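Below is one structure; the comments refer to it alone.
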Amino acid sequence: MRKAAILSVALAFSFLSCQRHSPGVVTHRTPDGRADQWLNRVDAGNYQVLIDTNGDQRPDVIKTYRNGQLVQVERDRNYNGAVDLVQQYSQGLLVREVHDDDFDGKPESIWTFRNGKVAMVERDPRERGYVDVVEYYDASGKLTRREMRTGEHRLQWNP
Ligand SMILES: [Ca+2]
Ligand SMILES: [Ca+2]
């Protein structure tokens with residue numbers, strides 16, 4: 000029960016971040032006048048760009064910038080109002096992804112990238128909030144090792 004509660008809180012934060020920043024200042028409109036891009040600005044270098052890609056006037060892509068650099072992209076790939084993919088960037092390169100690929104609100108894998116290529120995937124196939132399997136990949140993208148985990152390394156949307 001406790002694990003489920005912790006994970007639910009993490010997801011609630013993701014969901015709320017979507018809602019809280021909507022709609023923001025409109026920075027783009029479709030030809031028929033509907034807002035499809037918003038800006039939430041803290042200061043010149045720190046801001047979020049929210050984009051509606053399916054025309055329902057709710058943002059489904061949220062890009063977060065710190066010191067002028069893209070650090071995170073949150074995506075709602077099935078347009079249900081909840082984030083199901085988080086992509087984190089460092090120095091312009093993708094470094095980490097958290098996936099909820101079956102859109103049930105519970106993440107089941109964390110992907111770690113090195114030089115923009117996948118290096119490790121931590122999987123929680125039973126979606127209990129903890130990593131069960133860790134896969135390692137070489138520079139060519141080939142799976143080189145798979146380990147079972149028994150410890151309690153938590154799977155979270157945000158580290
Ligand atoms: Ca949308
Ligand atoms: Ca899931």
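All residue numbers for the sequence shown refer to numbering that gives the first Met the number 0, where the first residue is 0 and numbers rise by one.
We put the CB at the ideal spot given by N, CA and C, even for glycine.
Computed from a predicted model, the values in this text were never measured in an experiment.
Quick check: is any heavy atom of ligand 1 less than 6 Å from the C-beta of residue i?
i, result
"residue 135", "no"
"residue 88", "no"
Do you know offhand how far residue i's Cα is from residue j's?
i, j, result
"residue 149", "residue 131", "7 Å"
"residue 154", "residue 139", "26 Å"
"residue 126", "residue 156", "13 Å"
"residue 151", "residue 122", "13 Å"
"residue 111", "residue 77", "23 Å"
"residue 39", "residue 48", "7 Å"
"residue 83", "residue 55", "17 Å"
"residue 146", "residue 115", "23 Å"
Classify residue i: buried if its beta carbon has 16 or more other beta carbons within 10 angstroms, exposed otherwise.
i, result
"residue 30", "exposed"
"residue 42", "exposed"
"residue 72", "buried"
"residue 86", "buried"
If you run the structure through DSSP and keep just helix, strand and coil, what is residue i?
i, result
"residue 139", "coil"
"residue 105", "coil"
"residue 34", "strand"
"residue 46", "strand"
"residue 60", "strand"
"residue 154", "coil"
Under the assumption that residue i contacts residue j (Cβ atoms under 8 Å), give the Cβ distance between them as a whole number of angstroms.
i, j, result
"residue 67", "residue 44", "4 Å"
For ligand 2, is there any heavy atom lying closer than 6 Å to the beta carbon of residue i?
i, result
"residue 99", "yes"
"residue 73", "no"
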